[in-house]
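Everything on this sheet refers to the single structure shown next.
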Amino acid sequence: QAPRPFGINLFGRVVLRVVLSAMANPADWGSIKEVLNAPLISVSWDSSWISVFVMWLLLPFNLIQGVVAGLVGRLFVCISIGCCCCTGGCCSTMGSVLAGRPLYMAFNWWRYIFAGLTALLANGKSRLSLFMWEWAAFGKERYWWHGEGVWMWSYADCDKVLKSEQSRKPAFGAIRAAIPDLFPTNLLIFLSNAGDNSEWGAIRKAVHHHFLDHGCGKSYQTRVKELPTKIAADWSSPKLKDLSDLTLVQKTVCKCVFYMCFGKWLEEADALIMIGWRTNASMWILPRLIHRFLFNIGIGKIKTLREKTVGIVEKYELQEAFVSMNGSLDARWQRKPVVTLCDEIMFGIGFAGIGGTCAA
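Last residue of the sequence shown: 374 in our numbering, with the numbers rising by one and none dropped.
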């Protein structure tokens with residue numbers, strides 16, 4: 015019998031892998047691809063494809079204005095909140111926000127984005143240095159404007175806000191978050207913490223119960239004590255110069271964080287995937303307008319990362335932990351399908367647990 019064409023064999027293997035994966039998942043698990051490719055939410059007119067098209071057409075003008083404003087503090091303040099003659103009016107990003115970010119005011123964001131990028135580069139690519147430069151540009155007062163909102167710098171003010179009830183929305187760094195493709199729609203940091211019986215509080219308690227205090231058969235304190243043995247098995251002859259190997263260090267962080275949460279030690283290939291939560295960090299600080307200006311290349315990378323991260327959960331057969339957690343929530347806050355909850359929790363673990371630790 016003649017062998018089947020390679021293409022047919024390959025297609026058959028792909029179909030078989032998909033079928034077997036679906037059969038291995040709980041009935042109410044769902045598809046991460048459907049979650050990632052759901053309709054976009056809260057896309058402002060100044061981030062529409064029409065706006066992006068005109069932004070490209072007028073690139074030289076936007077670039078000149080943005081570069082100058084990103085180097086001259088007074089001009090940056092002007093395009094942020096307006097000048098003395100039109101404070102908060104049609105010629106500033108604050109005016110655009112107050113007007114609901116309409117298309118006819120999109121030019122404010124075109125130049126503001128280039129100004130922000132210029133200021134970031136001029137301050138050594140450090141976001142902290144950027145924020146300090148902006149604060150100085152606004153006269154080192156109690157508040158200053160960044161993105162779509164008011165920022166503050168003093169410990170007393172920040173501490174007061176952090177200890178208070180906060181009415182939140184999908185935003186990151188005072189910029190409207192691109193959901194559901196870049197960020198999960200109901201990410202924990204997007205949920206308001208107002209009241210004693212909030213969704214935010216319920217999710218936090220469930221995460222502690224199912225993945226830290228009692229999850230995976232052991233408390234996370236016990237798993238933390240086992241980390242030195244796990245690391246020693248991977249890193250048998252540690253040397254000080256090994257710490258200069260970023261990939262090695264980041265893989266170790268990924269394995270430790272995953273083991274602490276789930277009691278599973280990642281294989282090398284899976285750890286390399288999880289490193290993406292650090293190496294793609296710059297993608298999350300960019301608003302949808304920039305992502306579209308760059309043809310959504312960055313968003314494509316993040317969608318692939320989120321899909322592969324859920325794939326790792328499925329590979330190590332950890333779905334039931336998320337099914338159990340989802341079932342423990344009030345009916346108002348249960349996710350349908352359950353893979354939505356998995357994506358939200360894994361985003362937090364990857365973004366803060368892995369990305370944040372690697373950055374530190």
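Just so it is clear, CB atoms sit at the ideal spot from N, CA and C, and this is done for glycine as well.
*How far does the beta strand (DSSP E) with His-160 in it reach, from first residue to last?*
Taking the first residue of the sequence shown as position 1, residue 160 is located at position 146. From DSSP, the beta strand (DSSP E) with His-160 extends over 157-160.
*Report the residue ranges of all alpha helix (DSSP H) runs contained in full by the segment 108-194; include only those spanning at least 4 residues, in chain order.*
Segments of the alpha helix (DSSP H) lying fully in the segment 108-194: 121-136, 141-151, 169-176.
*CB contact flag (Trp-159, Trp-149, <7 Å)*: Here residue 159 corresponds to residue number 145 of the sequence shown, with the count starting at 1. Here residue 149 corresponds to residue number 135 of the sequence shown, with the count starting at 1. In this structure, the beta-carbon distance from Trp-159 to Trp-149 does not fall below 7 Å.
_Close beta carbons around Pro-252, own chain, < 7 Å, minus the five adjacent residues each side_ = If you number the sequence shown from 1, residue 252 lands on position 238. Around Pro-252: no qualifying Cβ.
_Collapsed DSSP secondary structure at Ile-359 in the structure displayed_ = Position 345 of the sequence shown holds residue 359. In the displayed model, Ile-359 falls within a helix according to three-state DSSP.
*Under a Cβ-count criterion, where at least 16 other Cβ atoms within 10 Å of its own Cβ denotes burial, should Gln-79 be classed as buried or exposed?*
Position 65 of the sequence shown, counted from the start, is the residue given in the question as residue 79. Buried is the call here.
*asked:* As a quick exercise: from Leu-286, Ala-283, Ala-345, pick the residue whose alpha carbon is nearest that of Ser-212.
replied: The residue labelled residue 212 in the question sits at position 198 within the sequence shown. Selected option, being the one with the closest Cα: Ala-345.
*Would you be able to state if there are at least three C-beta pairs under 8 Å between the segment 63-82 and the segment 119-127?*
The segment 119-127, when compared against the segment 63-82, does touch it at the 8 Å Cβ threshold.
*Determine the burial state of Ile-55: buried for a count of at least 16 other Cβ atoms within 10 Å of its Cβ, exposed for fewer.*
The sequence position of residue 55 within the sequence shown is 41, counting from 1. Per the 10 Å Cβ criterion, exposed.
*Identify whether Leu-289 lies in helix, strand or coil by the three-state DSSP scheme.*
Residue mapping note: residue 289 aligns to position 275 of the sequence shown, counting from 1. Before going further, note that residue 289 is Ile rather than Leu in the sequence given. Assigned with DSSP and collapsed to three states, Ile-289 falls in coil, not helix or strand.
*Measure the C-alpha to C-alpha separation of Gly-161 and Lys-244 and round it to an integer number of angstroms.*
Stepping through the sequence shown from its first residue, residue 161 is reached at position 147. Stepping through the sequence shown from its first residue, residue 244 is reached at position 230. About 43 Å.
_With a threshold of 7 Å on Cβ separation, who are the neighbours of Ile-189 within its own chain once the five nearest residues in sequence on each side are excluded?_
As a working mapping, residue 189 is identified with position 175 in the sequence shown. Cβ neighbours of Ile-189 beyond the five flanking positions: Gly-161, Glu-162, Pro-301.
*When the Cβ atoms of the segment 275-292 are set against those of the segment 165-179, are three or more pairs found closer than 8 Å?*
Contact fails between the segment 275-292 and the segment 165-179, because fewer than three Cβ pairs, one in each stretch, are under 8 Å apart.
*Measure the alpha-carbon distance for Pro-184 versus Ser-250 and round it to whole angstroms.*
Residue 184 sits at position 170 when you count from the first residue of the sequence shown. Residue 250 sits at position 236 when you count from the first residue of the sequence shown. Cα to Cα, Pro-184 sits roughly 44 Å from Ser-250.
*Which partner residues does Ile-55 have in the DSSP bridge list?*
Walking along the sequence shown from the start, residue 55 turns up at place 41. Answer by DSSP bridge pairing, in chain order: Ile-193.
*Okay, do the segment 308-323 and the segment 202-212 touch, 3+ Cβ pairs below 8 Å being the bar?*
Not touching, per the Cβ criterion.
*Would you check if the segment 357-372 and the segment 266-280 touch, i.e. whether three or more CB-CB distances between them fall below 8 Å?*
Taking 8 Å as the limit for Cβ pairs, the verdict is that the segment 357-372 does touch the segment 266-280.
*asked:* Tell me which residues share the same chain as Ala-220 and place their Cβ nearer than 7 Å to its Cβ, disregarding the 5 neighbours each side in the sequence.
replied: Position 206 of the sequence shown holds residue 220. Hits under 7 Å: Met-339, Ser-342, Leu-343.
*Expressed to the nearest angstrom, what Euclidean distance is found between the alpha-carbon atoms of Asp-381 and Val-175?*
Examination of residue 381 is not possible in this model, given that the chain is present from 15 through 374 alone.
*Would you call the CB atoms of Trp-327 and Ile-46 closer than 7 Å?*
Position 313 of the sequence shown, counted from the start, is the residue given in the question as residue 327. Position 32 of the sequence shown, counted from the start, is the residue given in the question as residue 46. Per the sequence shown, residue 327 should be read as Val rather than Trp. Between Val-327 and Ile-46, the CB-CB gap reaches or exceeds 7 Å.
*Please report the residue range of the alpha helix (DSSP H) in which His-305 lies.*
Taking the first residue of the sequence shown as 1, we reach residue 305 at position 291. Looking at the DSSP string, the run of the alpha helix (DSSP H) that includes His-305 is 302-307.
_Using only the alpha-carbon positions, how far apart do Ala-38 and Val-57 sit?_
As a working note, residue 38 is residue 24 in the sequence shown. As a working note, residue 57 is residue 43 in the sequence shown. Going from the Cα of Ala-38 to the Cα of Val-57 covers about 36 Å.
*Of the residues Ala-283, Asn-200, Leu-50, which one's Cα is nearest the Cα of Lys-265?*
Sequence index remark: in the sequence shown, residue 265 carries index 251 (1-based). For Lys-265, the closest C-alpha among the options Ala-283, Asn-200, Leu-50 is that of Ala-283.
*Residue nearest to Asp-357 in terms of C-alpha spacing, selected from Gln-333, Trp-63, Asn-310*: Along the sequence shown, read from residue 1 onward, the residue named residue 357 stands at position 343. Nearest option by C-alpha distance: Gln-333.
_Span of the alpha helix (DSSP H), counted from its first residue to its last, around Gln-79_ = The residue given as residue 79 occupies position 65 in the sequence shown. Judged by DSSP secondary structure, Gln-79 falls within the alpha helix (DSSP H) whose first and last residues are 73-85.
*7 Å Cβ cutoff met for Val-238 and Cys-372*: Here residue 238 refers to the residue found at position 224 when the sequence shown is read from its first residue. Here residue 372 refers to the residue found at position 358 when the sequence shown is read from its first residue. The criterion of a C-beta distance shorter than 7 Å is not satisfied by Val-238 and Cys-372.
*Reference Met-360; option with closest CA among Ile-311, Pro-194, Cys-275*: Your numbering for residue 360 matches position 346 in the sequence shown. Among Ile-311, Pro-194, Cys-275, the Cα nearest to that of Met-360 is on Cys-275.
*Going along the chain, which residues of its own chain have a beta-carbon closer than 8 Å to the beta-carbon of Asp-42, five neighbours each way excluded?*
Stepping through the sequence shown from its first residue, residue 42 is reached at position 28. Contacts found: Val-337, Lys-350, Pro-351, Val-352.
*asked:* Let me confirm a value: Tyr-234 is counted as buried when at least 16 other C-beta atoms fall within 10 Å, else exposed. Which label applies?
replied: For the purposes of this step, residue 234 is taken as residue 220 along the sequence shown, with counting starting at 1. Result: buried.
*Which one of Asp-227, Lys-278, Gly-370 has the shortest CA to CA distance from Cys-330?*
As a first step, residue 330 is located in the sequence shown; it is residue number 316 there, counting from the start. In the sequence as presented, Cys is not what sits at residue 330; that position holds Tyr. Restricting attention to Asp-227, Lys-278, Gly-370, the CA atom closest to the CA of Tyr-330 is found in Lys-278.
*Can the beta-carbon of Ile-299 be found less than 7 Å from the beta-carbon of Leu-196?*
Working through the sequence shown from its first residue, we reach residue 299 at position 285. Working through the sequence shown from its first residue, we reach residue 196 at position 182. No, the Cβ-Cβ distance between Ile-299 and Leu-196 is not below 7 Å.
*In the structure shown, what three-state DSSP assignment does Leu-280 receive?*
Along the sequence shown, read from residue 1 onward, the residue named residue 280 stands at position 266. Leu-280 falls in the coil class under three-state DSSP.
*How is Trp-214 classed by DSSP in three states: helix, strand or coil?*
In the sequence shown, the residue the question calls residue 214 occupies position 200. Correct three-state label for Trp-214: helix.
_Other residues of its chain near Pro-194: CB distance less than 8 Å, five sequence neighbours each side excluded_ = For the purposes of this step, residue 194 is taken as residue 180 along the sequence shown, with counting starting at 1. So the list reads Val-49, Leu-50, Ala-52, Leu-54, Ile-55, once near-sequence residues are dropped.
*Is it the case that the Cβ atoms of Gly-84 and Ala-129 are separated by a distance below 7 Å?*
As a first step, residue 84 must be located in the sequence shown, where it is residue number 70. As a first step, residue 129 must be located in the sequence shown, where it is residue number 115. Yes; because the gap between Cβ atoms is below 7 Å, this pair is in contact.
*Residues in its own chain within less than 8 Å of Leu-96 by CB, not counting five upstream and five downstream?*
For this step, residue 96 is matched to residue 82 along the sequence shown. First, the residue type needs correcting, since residue 96 is Gly and not Leu in the sequence shown. Here Gly-96 has Gly-102, Gly-103, Cys-105, Ser-106, Met-108, Gly-109 as same chain residues with Cβ atoms under 8 Å from its own Cβ, once five neighbours each way along the sequence are excluded.
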